[in-house]
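Going down the list, the sequences are from chains A and B. Counting from 1 along the first sequence, just add 24 to a position and that's the residue number in our numbering. Counting from 1 along the second sequence, just add 24 to a position and that's the residue number in our numbering. The C-beta atom is built at its ideal place from N, Cα and C for all residues, glycine as well. Keep in mind it's a predicted model, so treat the numbers as computed, not measured.
Protein chains: 2
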Amino acid sequence: MNDKQEHIAKRAEVFKALGHPTRLLFVMALAEGERCVCELQKLVDIDPSTVSRHLGALKHAGVVRDDKRGQQVFYSLRLPCVAGFVGCIDRALEER
Amino acid sequence: MNDKQEHIAKRAEVFKALGHPTRLLFVMALAEGERCVCELQKLVDIDPSTVSRHLGALKHAGVVRDDKRGQQVFYSLRLPCVAGFVGCIDRALEER
DNA sequence: TTCCTACTTGGCTAAATTGCCATTTATGCA
DNA sequence: TGCATAAATGGCAATTTAGCCAAGTAGGAA
């Protein structure tokens, strides 16, 4: 794979990470500030192990970063522009 | 599924549609103007049927629209803000 | 009509993704 | 030490996705 393809693939991985309802929900929550896994867990009705896997996917793609403090792991957004783009999506979806 | 969940799901579908290298490549090309399927086909080395399926996915998510004129089908972007968000991704990926 | 080009759809397989349960690691507290 | 809580990981089954080939539709030209 050449450089250009690799670059496109990395960008696509970011979109893919955002392309799941649970992960997008987490990212929207993180847009308002960092949250520990236990807080994100409360937003959804899925197994803690699945929450962890979703957060791992977001981290791997570069969308969030994590910071372990004591027993808890705090996640925060590395891509603040997500919120603006979501706004644009909403406007486009409305006018359909 | 309630309204809020459905809304999140629709947003996530947009991201998912953009979350594949081939589809993202097509969208970046469409950011510069409409293209027929035959032109998009030339950008990649995959079967025409697969190209058609990728475009179908983008259309289904609301990312592009299609317009049949004569023998050709022209696709164009419904989400012009994609380009700006890609720029933000690139800046974030650089500083890793 | 017949043929050609442009594109889509049906059907299939291989690979990736999602989710759970069970287990493990790490930290803090008694 | 022993125990509880927070989170991550191993392993597995069910579902979804990506890709190809073959076949189908539709428009334009001969």
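{"Item": "DSSP state of D114 (chain A) mapped onto helix, strand, coil", "Value": "helix"}
{"Item": "For L42 (chain B) and A53 (chain B), believed in contact at Cβ under 8 Å, the rounded distance", "Value": "That pair is no contact at about 13 Å."}
{"Item": "N- and C-terminal bounds of the alpha helix (DSSP H) containing R35 (chain A)", "Value": "D27 to L42"}
{"Item": "Ranges of the beta strand (DSSP E) found wholly within the stretch 47-102 of chain B, counting only runs of at least 3", "Value": "88-93 and 96-101"}
{"Item": "Contact between the stretch 45-61 of chain A and the stretch 25-42 of chain B (3+ Cβ pairs under 8 Å)", "Value": "yes"}
{"Item": "C-beta atoms of S76 (chain A) and V61 (chain A) nearer than 9 Å", "Value": "yes"}
{"Item": "Residue-chain proximity (R35 (chain B), chain A), Cβ-Cβ < 9 Å", "Value": "yes"}
{"Item": "Where F109 (chain A) meets chain B, residues with beta-carbon distance less than 7 Å", "Value": "C105 and F109"}
{"Item": "Anticipated Cβ contact below 8 Å, C112 (chain A) with C112 (chain B), distance rounded", "Value": "That pair is no contact at about 12 Å."}
{"Item": "D91 (chain B) Cβ short of 8 Å to the ligand FAD heavy atom set", "Value": "Absent from the structure shown: the ligand FAD. Ligands present: none."}
{"Item": "Helix, strand or coil at P45 (chain B) [DSSP, three-state]", "Value": "helix"}
{"Item": "With 16 other Cβ atoms within 10 Å as the buried cut-off, status of V84 (chain A)", "Value": "Here residue 84 (chain A) turns out to be His, not Val, going by the sequence shown. Classification of H84 (chain A): exposed, given that the 10 Å Cβ count is below 16."}
{"Item": "Chain A contacts from the stretch 62-89 of chain B (Cβ-Cβ distance under 9 Å)", "Value": "G86 and V87"}
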